[in-house]
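Keeping their order, the protein sequence lines are chains A and B.
Position 120 of the first sequence, counting from 1, maps to 120 under the working numbering, and the rest follow consecutively.
Position 23 of the second sequence, counting from 1, maps to 1023 under the working numbering, and the rest follow consecutively.
Every residue, glycine too, gets a C-beta built ideally from N, C-alpha and C.
Encoded as structure tokens, the structure appears first; notes follow it.
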Amino acid sequence: MPAREGIYGLLAEFETPGDLVRAARQSYQDGWRRLDCYSPFPLEEAAEAIGFHRDKVPLVTLIGGLLGGAAMFGLETWISVLAFPLNIAGRPMYSWPAFIVPAYEWTILWAGLSAAFGMLALCGLPALYHPVFNAPNFRDGATTDKFFLCLEALDPKFDAAEARKYLESFQPVSVVEVEY
Amino acid sequence: MATSELRPKDPGIDPATGEFRVIGQGQTFRSITEKISRIVLTPRTPLGWFAYFAVAGSGTTMLMVALTWLFLKGVGIWAITQPVAWGFAIINFVWWIGIGHAGTLISAILLLFKQSWRNSISRFAEAMTIFAVMCAAMFPVIHVGRPWLGYWLLPLPFTMDVWPQFRSPLMWDTFAVSTYATISVVFWYVGMIPDFGTFRDRAQSKIAKYFYGVLSWGWRGSVRHWVQYETASLLLAGLATPLVLSVHTVISFDFAVAVLPGWHTTIFPPYFVAGAIYSGFAMVLTLAIPLRKYYHLEQLVTERHIDNMGKLMLVTGFIVGYGYAMEAFMAWYSADHWEAFTFWNRAFGPMGWSYWLLLTCNLFIPLTTLWVRRLRTNIAFMFVMSIIVNTGMWFERFVIIVTSLTRDFLPSAWGTYRATKWDYMTFFGSVTFFLFMFLLFVRFLPMIPMNEIRLLLPQAKIKPKVTAEAGD
């Protein structure tokens, strides 16, 4: 999607998480929808403030776990009954209680792998390049102690001069333009 | 307990709660980030690190020599024979797997219980888990005699159409241990992604920027990502929790499913799990105490952590003690001649010294002294205690495996066991390999989770602004 005026958005820097959450909440209430917050630690309040409530990680995990468990139980049954039937002390070929342990382990294994890699995929990672990294102050603290609010140019309300004035009303440390 | 009376003006104690502080006073987001990232991003590696690395590296070389000779000559170079076919290899396997358990307990169960003090120690406890599982997983593979056929354990389609036998606990073990290793690595790595982002942004050298940039997957700290990240962490913790309980349970099945007196008991699963956590916390202390001293992390790994780990060792130590008592009780109550003899043989047989050594190291010393808070916060005492408990736990596995196997049903089939130098080289080699991996971890990866520590600071709380409107 082509961006207006060749910029990705405007990035406001805040000193405390509280300032960021207040600014984000106000922006969302004022109708901004293409915006994001950046924080050096998990800040659920900010995500709620910009209207991010749904998160599909649990669903992906559930599906992964069920498939993993079913796959291992099916494999064990197929091997023990059809592919390589072995008579072990006269036990039935389909001795399902013994199959539970590996199936249980694979439920956990595939649920865990789905949770981790599903989460990264849902976040759109890996993304080694992102426009916010171009901002001069972002790399200097977004992952240490600074809090950022970015109003993106894709928002229909976006106008570089207006948005700058709007962000400055929150008294941030600085407002900078982010280029693509 | 009235802490304030005990140590009235101790700055390590929070006056509000009377508990030890989790994090020392006066830290900021930047100061803790610098403290932790400096260890890795410094261009100068401390000389002491090289000294330890040289020692651990030599030990690892010794392990490689022992393994090469083993592969050339076969398992006959070890002391294993009939009747003791499971010697040091399986003792070491169970010991190492057990050590790993505290890492998962700290990272998973304590996370679910919102024990935020765990944040400082969770990362290196997880690293400890992974390296311990690496050491553990090595032993069954080299013990099979033909390690190049180790992949036969996996259900893979061979040209010979041979498939594994899923009714065997040894097969369950394969899945329990491989799942445990994979989930631990994934949990550990996902936990480090935001910290890699911090390293990428703070690194000076180009190589470090690229290296940590790629490892961080381009993490930029978007709060939308954080929410999903937190959900995934919580789910991984929830999934790792049954693993803490199941891995050593499955390993105890290797013994409990057999009919050998001394092995065939129902107390084994809980008793193995408690013993695993007991030895794991001891190993966390063995690693944490020198680390906090050499890297000056006393503000992050405080007396509170040492104290809490001491308490957890006390609890799990008592469960282990219950296990020993129950073994003795069942030996009498079962009215089984062989069970009773096995117990008598453990305590008073030719290898009885090992049983009394294990009782001394695991019960008599720790369970009498760990009650005292002054001793639990005495760093030198806790370090010695951690070594004692780990020694005791190694002997516990020695007693279970060796004394049970040397004298089973038929006196004509009795034997003895005396480890060879190759056994000792492999065991001590695995200890130094563990240290070798740990030293690499400390040098190149974030050993304390910076993003989780930030959450412990008072600045991370969202305070209402004075000028903000009420109800905002």
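Could you give the residue range of the beta strand (DSSP E) that holds residue i?
i          : result
Val176(A)  : Ser174 to Glu179
Leu151(A)  : Phe147 to Glu152
Leu1367(B) : No beta strand (DSSP E) contains Leu1367(B), which is instead part of the alpha helix (DSSP H) from Pro1366 to Thr1369.
Leu35(A)   : Leu35 to Tyr38
At which residues does the alpha helix (DSSP H) containing residue i begin and terminate?
i          : result
Tyr129(A)  : Run containing Tyr129(A): none; DSSP gives neither H nor E here.
Glu15(A)   : Segment: none, Glu15(A) is in no alpha helix (DSSP H) and carries neither H nor E.
Tyr1322(B) : Glu1303 to Tyr1333
Trp1338(B) : His1337 to Phe1348
Met1192(B) : Pro1169 to Arg1202
Ala121(A)  : Trp96 to Leu122
Arg164(A)  : Ala160 to Glu168
Ile79(A)   : Where Ile79(A) is concerned, there is no enclosing alpha helix (DSSP H), given that its DSSP letter is neither H nor E.
Pro1269(B) : Phe1268 to Tyr1294
Ser1246(B) : Val1223 to Ala1256
Ala49(A)   : Glu44 to Ala49
Leu1215(B) : Lys1206 to Leu1215
Gly1024(B) : Premise fails: Gly1024(B) is in no alpha helix (DSSP H) and is neither H nor E.
List the residues of chain B whose Cβ lies closer than 9 Å to the Cβ of residue i, in chain order.
i         : result
Ser27(A)  : The premise fails here: Ser27(A) is roughly 13 Å from chain B at the closest Cβ pair, so nothing lies under 9 Å.
Ala132(A) : The amino acid at residue 132(A) is misidentified as Ala; the sequence shows Val. Arg1220 and Ser1222, listed in chain order.
Leu35(A)  : Residues of chain B passing the Cβ test: none, with the nearest at roughly 10 Å.
Arg164(A) : Ordered by position in chain B, no residue passes the 9 Å Cβ test against Arg164(A), which lies about 21 Å from the chain.
Would you call residue i buried or exposed, if buried means 16 or more other Cβ atoms sit within 10 Å of its Cβ?
i          : result
Met93(A)   : exposed
Pro181(A)  : Missing from the structure shown is residue 181(A); chain A here goes from 1 to 180 and no further.
Leu120(A)  : buried
Ala161(A)  : exposed
Ser1004(B) : Residue placement at Ser1004(B) cannot be trusted, given a pLDDT of 44 that sits under 50; what the coordinates show is reported in the next sentence. Counting Cβ neighbours within 10 Å, Ser1004(B) comes out exposed, since fewer than 16 surround it.
Thr1060(B) : buried
Ala191(A)  : The structure shown does not extend to residue 191(A), since chain A is modelled only from 1 through 180, so no value can be given for it.
Glu1339(B) : buried
Glu105(A)  : buried
Ile1207(B) : exposed
Glu1452(B) : buried
Leu20(A)   : buried
Ala1470(B) : With a pLDDT of only 43 at Ala1470(B), under 50, the local geometry of the prediction cannot be trusted, and the value read off the model is given with reservation. Ala1470(B) comes out exposed.
Leu167(A)  : buried
Val178(A)  : buried
Gly1026(B) : exposed
Asp30(A)   : exposed
Trp96(A)   : exposed
Could you name the residues of chain A that residue i contacts, counting a contact when the two beta carbons are closer than 8 Å?
i          : result
Leu1236(B) : Gly112, Ala115 and Ala116
Tyr1229(B) : Pro42, Met119 and Cys123
Quick one: list the residues of chain B neighbouring residue i, beta-carbon separation under 8 Å, in chain order.
i         : result
Tyr38(A)  : Arg1220, Gly1221, Ser1222 and Val1223
Phe84(A)  : Asp1161, Val1162 and Trp1163
Phe52(A)  : Val1223, Arg1224 and Val1227
Leu167(A) : Per Cβ cutoff of 8 Å: no residues; Leu167(A) is ~17 Å from chain B at best.
For a contact defined as C-beta to C-beta under 8 Å, what are the partners of residue i on chain E?
i          : result
Gly1197(B) : Among the chains of the structure shown, chain E does not appear; the protein chains present are A and B.
By the criterion of Cβ-Cβ separation under 7 Å, what are the contact partners of residue i in chain B?
i         : result
Leu151(A) : Neighbours of Leu151(A) on chain B: none; closest Cβ ~14 Å, over 7 Å.
Val173(A) : Near Val173(A) there are no residues of chain B at all, since even the closest Cβ is about 14 Å away, more than 7 Å.
For a contact meaning CB atoms closer than 7 Å, what does residue i contact in chain A?
i          : result
Thr1060(B) : Within chain A, no residue comes near Thr1060(B); the closest Cβ sits about 29 Å away, beyond 7 Å.
Ala1232(B) : Val57, Ala115, Ala116 and Met119
Tyr1294(B) : Per Cβ cutoff of 7 Å: no residues; Tyr1294(B) is ~24 Å from chain A at best.
Pro1155(B) : Leu75 and Ile79
Arg1454(B) : Pro40 and Phe41
I want to verify the contact list: residues of chain A whose CB lies under 9 Å from the CB of residue i, in sequence order.
i          : result
Ala1460(B) : Pro17, Phe41 and Leu43
Gly1100(B) : Result: empty, since nearest Cβ-Cβ is about 16 Å, beyond 9 Å.
Examine the ligand ADP and report whether any of its heavy atoms sits within less than 7 Å of the Cβ of residue i.
i          : result
Arg1373(B) : Questions concerning the ligand ADP fall outside what the structure shown contains, since it holds no ligand whatsoever.
Checklist entry - What runs of the alpha helix (DSSP H), each 4 residues or longer, lie entirely inside the stretch 1426–1466 of chain B? => result 1450–1456
Next on the checklist: Check whether the stretch 1389–1398 of chain B and the stretch 1356–1366 of chain B are in contact - that is, three or more C-beta pairs closer than 8 Å.
Outcome noted: For the pair of segments examined, the stretch 1389–1398 of chain B was found to touch the stretch 1356–1366 of chain B: the number of CB pairs separated by less than 8 Å reaches three.
Checklist entry - Okay, do the stretch 1214–1224 of chain B and the stretch 32–43 of chain A touch, 3+ Cβ pairs below 8 Å being the bar? => result yes
Item to check | Stretch pair the stretch 1137–1147 of chain B + the stretch 46–55 of chain A: three plus CB contacts closer than 8 Å | outcome: no
Item to check | Any alpha helix (DSSP H) of 4 or more consecutive residues that is wholly inside the stretch 1375–1436 of chain B | outcome: 1379–1398
Next on the checklist: Across the stretch 1270–1287 of chain B and the stretch 1092–1100 of chain B, are there enough close Cβ pairs to call them in contact, namely three or more that are closer than 8 Å?
Outcome noted: With the cut-off at 8 Å, the stretch 1270–1287 of chain B and the stretch 1092–1100 of chain B touch.
Checklist entry - Is it true that the stretch 1456–1464 of chain B meets the stretch 1195–1203 of chain B, where meeting means three or more beta-carbon pairs spaced less than 8 Å apart? => result no
Checklist entry - Fully enclosed by the stretch 1083–1145 of chain B, which beta strand (DSSP E) runs are 3 residues long or longer? => result none
Checklist entry - Is the stretch 1423–1441 of chain B close to the stretch 1079–1092 of chain B, with three or more CB pairs under 8 Å? => result yes
Next on the checklist: Under 8 Å: do the stretch 1251–1262 of chain B and the stretch 1405–1424 of chain B share three or more Cβ pairs, one atom per stretch?
Outcome noted: yes
Item to check | the stretch 108–116 of chain A contacting the stretch 1199–1207 of chain B, beta-carbon criterion three pairs below 8 Å | outcome: Cβ pair count under 8 Å is below three, so no.
Next on the checklist: For the structure I just gave you, are there three or more beta carbon pairs, one from the stretch 1369–1385 of chain B and one from the stretch 1297–1313 of chain B, closer than 8 Å?
Outcome noted: yes
Next on the checklist: When you compare the stretch 1109–1117 of chain B with the stretch 1049–1067 of chain B, are there three or more beta-carbon pairs, one atom per stretch, that lie closer than 8 Å?
Outcome noted: no
Checklist entry - Three or more beta-carbon pairs under 8 Å between the stretch 1429–1449 of chain B and the stretch 1290–1308 of chain B, yes or no? => result yes
Checklist entry - Any contact of the stretch 1246–1255 of chain B with the stretch 1169–1180 of chain B, i.e. 3+ C-beta pairs under 8 Å? => result At 8 Å Cβ cutoff, the stretches touch.
Checklist entry - Counting Cβ pairs closer than 8 Å, one from the stretch 75–90 of chain A and one from the stretch 1156–1171 of chain B, do we hit at least three? => result yes
Checklist entry - Should the stretch 53–71 of chain A be called in touch with the stretch 146–156 of chain A, which here means at least 3 C-beta pairs below 8 Å? => result no
Next on the checklist: Measuring CB atoms only, is the stretch 62–77 of chain A touching the stretch 169–177 of chain A, in the sense that at least three cross pairs come out at less than 8 Å?
Outcome noted: The way I'd put it, the stretch 62–77 of chain A doesn't touch the stretch 169–177 of chain A; fewer than three beta-carbon pairs between them come closer than 8 Å.
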